[in-house]
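Notes to accompany the following structure.
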Amino acid sequence: MDTKTAVQIFGTFAESKPVQFALRRMSEYCHEDGKSRLEVALELYTGVREEACLKCRMAEKTVSAFLSLGGKAFGASSEEMKDKFRDKYWRRGLANVVKGISIFGVRKPFVPGAPFQVVWNVTNSCNLRCKHCYANAGQNPDLDLSTEDAKRVIDRIAEWGVVVLAFSGGEPLVRRDILELARHSSSRGLYTAIATNGVLLTKEKCRELREAGVEYLQISLDGAKAETHDSFRGVDGMFARTVEGIRNAVEAGFFVNIATTVTRHNLKEIPEMITLCEDLGVDWFMMYNFVPTGRGRFIEENDLSPREREDLLRMLWERMKTSKLNLLSTAPQFARVALEVEGASCSVVPTHFSNTELPGQLRSLADFIGGCGAGRFYIALEPNGDMTPCVFLPKKVGNILEESPERLWAELDDFRRLRDRGSLQGGCGSCDYRFVCGGCRARAYGYFGDFTLPDPGCIRNEDEYAKLTRIQGAPQAV
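Here full-length UniProt numbering is used: the first residue of the sequence shown is 1, the next is one more, and so on.
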């Protein structure tokens, strides 16, 4: 049986009313354990624990049968699945997947029961003045929540079933209570990350962050040369301090991702930056797609052309074959580039979270997990708890302290349209790669004020983009 047929059979089973009812019941919170019954059931299933309440033990029997069928559909044995899900974050992720099936079914693209990742701009305060800041940091510092309210936000995120909480900003390390918030996040079972400019990452600060439960650091670096980076950051001398912060983070044992927003200002330095990252011993290099929002709106003329972006993504793909780094990009076109370059032999499909290994028999799964994840795999929070689909898509959809995030996730029309590849207009809507790519919805929103319009950064939208710039007055220099 081929994978596509197996997935269809599994989908029919998973979407039957009795199974949906059982899955929803398992997604309920077990106050005895402070986790969903599904998480507890997965701990029993994998042998991580032996005792649990009666309802959770009953849930384990249902989980075992459900995963057995799902494993056959996706080509994984029971022992392989148990081995993978002994990791607590994988278990939390699987619980989120099952919860998503109970709410949305096995749809394409797939929607989990909660975002896998929440990026929280936990403060608007910052120690730098970056030209391309999406948050326009330094504005409205009074929006920052108190420590107690911030902990309430973390509690809601944890109970929702989110896997990863990334503190961002502004500069999150300037919040005096960031260590307390990180400890609270980690204690609630969240994989805790921090996105930082790196200049405050002393050896002592790295030690404190590790002790607080932070496991992942994303550090921004905007050039291979001091003059390039410092020009972006608005303060001289920051390149040396950032590189030292990266060294300290690697030495302290964090998973380190170097993030670079690529514009024409630093495009030619990207190969050299990858070499620098290899020398520093980091884990990932991620090319961030430029999106005209926040202060970045004022450097639209420095955005890459569709051809420049295409050439860059193809260079990244070829470089990844020999680099000891994992090279990623928030440009969803990266998946289309990989599939076009490699053809039928492609076994790695890039996504925002990882370059996912999908051998031939599982290639059809790329349509379920690939493409822009705004309002589907991740959301963003402003300092006051306002929710947006993505840090680069500043459209308020609610407030996590004032409304039920579960209800918004399941019912909000903006989320529904972001997930629906049939709602895409123009070249993105008719593209054969719309499920593995679908274009960057934040770029469409940033340039045209409508996230269903084509992503103007794609080589396949060059002609259509020229038409849209004439009609709507978008910058001609892209």
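Quick reminder that beta carbons are idealized off the backbone N, C-alpha and C, glycines included.
For residue i, the nearest candidate out of the options (CA to CA)
i: valine 119; options: Gly429, Arg419, Ala374 and Gly439; result: Ala374
i: serine 36; options: Ser102, Trp90, Gly161 and Glu215; result: Gly161
i: cysteine 30; options: Ala335, Lys55 and Thr147; result: Lys55
i: leucine 221; options: Ile103, Cys206, Glu269 and Phe255; result: Glu269
i: arginine 336; options: Pro394, Ala212, Lys395 and Phe435; result: Phe435
i: leucine 418; options: Gly438, Thr147, Arg407 and Glu406; result: Gly438
i: threonine 351; options: Leu328, Gly343, Glu340 and Glu342; result: Leu328
i: phenylalanine 451; options: Gln333, Glu32, Arg421 and Tyr216; result: Arg421
i: glutamate 171; options: Ser125, Val163, Val164 and Glu180; result: Ser125
i: valine 163; options: Leu94, Ala195, Lys205 and Leu181; result: Leu94
i: isoleucine 157; options: Tyr445, Trp409 and Thr123; result: Trp409
i: proline 271; options: Ser323, Gly234, Ser231 and Gly245; result: Ser323
i: proline 112; options: Ser27, Cys346 and Arg264; result: Ser27
i: glutamate 148; options: Leu165, Val174, Ala166 and Ser185; result: Ser185
i: glutamate 318; options: Arg309, Ala338 and Glu308; result: Ala338
i: glutamine 20; options: Asp33, Thr46 and Thr62; result: Thr62
i: aspartate 413; options: Val349, Gly426, Gly427 and Lys396; result: Lys396
i: leucine 381; options: Pro115, Thr196 and Phe110; result: Pro115
i: methionine 273; options: Leu316, Ile103 and Cys431; result: Leu316
i: valine 391; options: Arg25, Ala195 and Gly234; result: Ala195
i: glycine 34; options: Glu403, Val348 and Ser187; result: Ser187
Boundaries of the beta strand (DSSP E) in which residue i is found, first to last residue
i: tyrosine 216; result: 214-220
i: aspartate 33; result: Element bounds for aspartate 33: n/a, residue is neither H nor E.
i: leucine 193; result: In the sequence under discussion, the amino acid at residue 193 is alanine, which differs from the leucine named in the question. 191-196 is the span of the beta strand (DSSP E), which, as asked, contains alanine 193.
i: phenylalanine 167; result: 164-168
i: threonine 260; result: 255-261
i: proline 350; result: 348-350
i: alanine 380; result: 378-381
Cβ neighbours of residue i in the same chain (closer than 7 Å, five flanking residues each side left out)
i: serine 68; result: Ser78
i: glycine 385; result: Leu145, Val153, Asn399, Ile400 and Leu401
i: glutamate 462; result: Pro306
i: arginine 86; result: Thr46 and Val48
i: tyrosine 89; result: Val163 and Tyr191
Residue range of the alpha helix (DSSP H) that includes residue i
i: leucine 316; result: 306-320
i: valine 250; result: 238-252
i: isoleucine 400; result: Counting along the chain, isoleucine 400 falls outside any alpha helix (DSSP H), and DSSP gives it neither H nor E.
i: leucine 201; result: From DSSP, leucine 201 is part of no alpha helix (DSSP H); its letter is neither H nor E.
i: alanine 366; result: 366-369
i: threonine 228; result: 226-233
i: threonine 147; result: 147-160
i: aspartate 303; result: Per DSSP, aspartate 303 belongs to no alpha helix (DSSP H) and is neither H nor E.
i: valine 19; result: 17-26
Proximity test, residue i beta-carbon vs the ligand ZN heavy atom, cut-off 7 Å
i: serine 125; result: Looking for the ligand ZN in the displayed structure turns up nothing, as the structure carries no ligands at all.
Test item: CB-CB of residue i and residue j under 8 Å
i: asparagine 248; j: glycine 169; result: no
i: asparagine 289; j: glycine 457; result: yes
i: phenylalanine 368; j: lysine 108; result: yes
i: valine 250; j: leucine 201; result: no
i: glutamine 218; j: tyrosine 378; result: no
i: methionine 286; j: asparagine 257; result: yes
i: leucine 38; j: lysine 84; result: no
i: residue 480; j: glycine 253; result: Given that the chain is displayed from residue 1 to residue 478, the structure contains no residue 480 and the question cannot be resolved.
i: alanine 224; j: alanine 240; result: no
i: glutamate 215; j: phenylalanine 167; result: no
i: leucine 179; j: glutamate 204; result: no
i: cysteine 372; j: proline 405; result: no
i: arginine 57; j: threonine 123; result: no
i: valine 40; j: alanine 22; result: no
i: leucine 190; j: leucine 165; result: yes
i: arginine 91; j: leucine 44; result: no
i: leucine 312; j: leucine 304; result: yes
i: proline 394; j: glycine 426; result: no
Exposed unless 16 or more other CB atoms sit within 10 angstroms - verdict on residue i
i: threonine 242; result: buried
i: serine 423; result: exposed
i: glycine 449; result: exposed
i: valine 341; result: exposed
i: arginine 407; result: exposed
i: proline 292; result: buried
i: arginine 295; result: Below a pLDDT of 50, predicted positions are generally treated as unreliable, and arginine 295, at 49, falls in that range; no measurement from the model is reported.
i: arginine 443; result: buried
i: alanine 65; result: exposed
i: glutamine 361; result: Note that glutamine 361 scores a pLDDT of 49, beneath 50, so its modelled location is shaky; the value from the coordinates is reported in the next line. With fewer than 16 other Cβ atoms within 10 Å, it is exposed.
i: arginine 49; result: exposed
i: glycine 47; result: exposed
Spatial neighbours of residue i in its chain, beta-carbon cut-off 6 Å, leaving aside the 5 residues before and after
i: aspartate 353; result: Position check: residue 353 holds phenylalanine in this sequence, whereas aspartate was assumed. Excluding residues within five positions, none has a Cβ falling inside 6 Å.
i: aspartate 230; result: Asp236, Met238 and Phe239
i: alanine 59; result: Met26, Arg37 and Ala41
Cβ-based neighbour list, residue i, same chain, cut-off 8 Å, excluding 5 preceding and 5 following
i: arginine 297; result: The predicted position of arginine 297 is uncertain, since its pLDDT is 49 and thus under 50; a value taken from the coordinates is nonetheless stated next. Answer for arginine 297: Gly446, listed in chain order.
i: isoleucine 246; result: Gly198, Leu201, Ile219, Leu221, Val256, Ile258, Leu280 and Val282
i: threonine 330; result: Met286, Met287, Tyr288, Asn289, His352 and Cys440
i: lysine 17; result: none
i: cysteine 206; result: Asn248, Ala249, Glu251, Ala252 and Phe254
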